[in-house]
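Numbering (the UniProt record's numbering), first residue to last: 1 to 117. Every residue gets a Cβ at the ideal spot worked out from N, C-alpha and C, and that includes glycine. Reviewing the structure listed below.
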């Protein structure tokens with residue numbers, strides 16, 4: 001496949017393009033949680049161990065900008081914001097599930113204990 005440019009960045013293949021959208025440490029876990037229900041910021045923060053407020057904010061903004069999640073702001077005091085997955089975001093869930101299953105398989109092959117279902 002020939003190189004292509006999107007948003008002033010050169011991509012060499014579609015996998016690189018996709019991983020730039022949903023890759024990294026935190027985007028897939030965020031999408032994975034939002035597939036089941038709507039979350040508020042604090043709920044996501046509590047549900048995703050080790051993520052900082054700054055990183056969660058950054059990742060949520062990127063996912064929203066790419067159209068994977070929707071951010072709903074309620075005009076109340078104190079501010080209330082909810083995050084939900086979009087139809088575009090739902091298309092990433094089977095890919096995330098496959099990567100997760102592959103990771104669990106690799107963990108088993110390496111003898112790494114886990115209690116994930």
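Report the three-state DSSP secondary structure of residue 11 (helix, strand or coil).
strand
Give the DSSP-derived three-state secondary structure of residue 4 in the structure shown.
strand
Using DSSP bridges, identify the partner residues of residue 40.
82
C-beta atoms of residue 96 and residue 31 nearer than 8 Å:
yes
Which residue marks the beginning of the beta strand (DSSP E) containing residue 69, and which one marks its end?
Residues 69-74.
Identify which residue in 71, 90 and 87 has its Cα closest to the Cα of residue 81.
When each option's Cα is compared against that of residue 81, the closest is 71.
Measure the alpha-carbon distance for residue 94 versus residue 77 and round it to whole angstroms.
38 Å
Taking residue 69 as the reference, give the member of 110, 75 and 57 with the closest Cα.
A check of alpha carbon separations from residue 69 across 110, 75 and 57 identifies 57 as the nearest.
Contact under 8 Å by Cβ, residue 66 with residue 21
Yes. Within cutoff.
With a threshold of 7 Å on Cβ separation, who are the neighbours of residue 55 within its own chain once the five nearest residues in sequence on each side are excluded?
26
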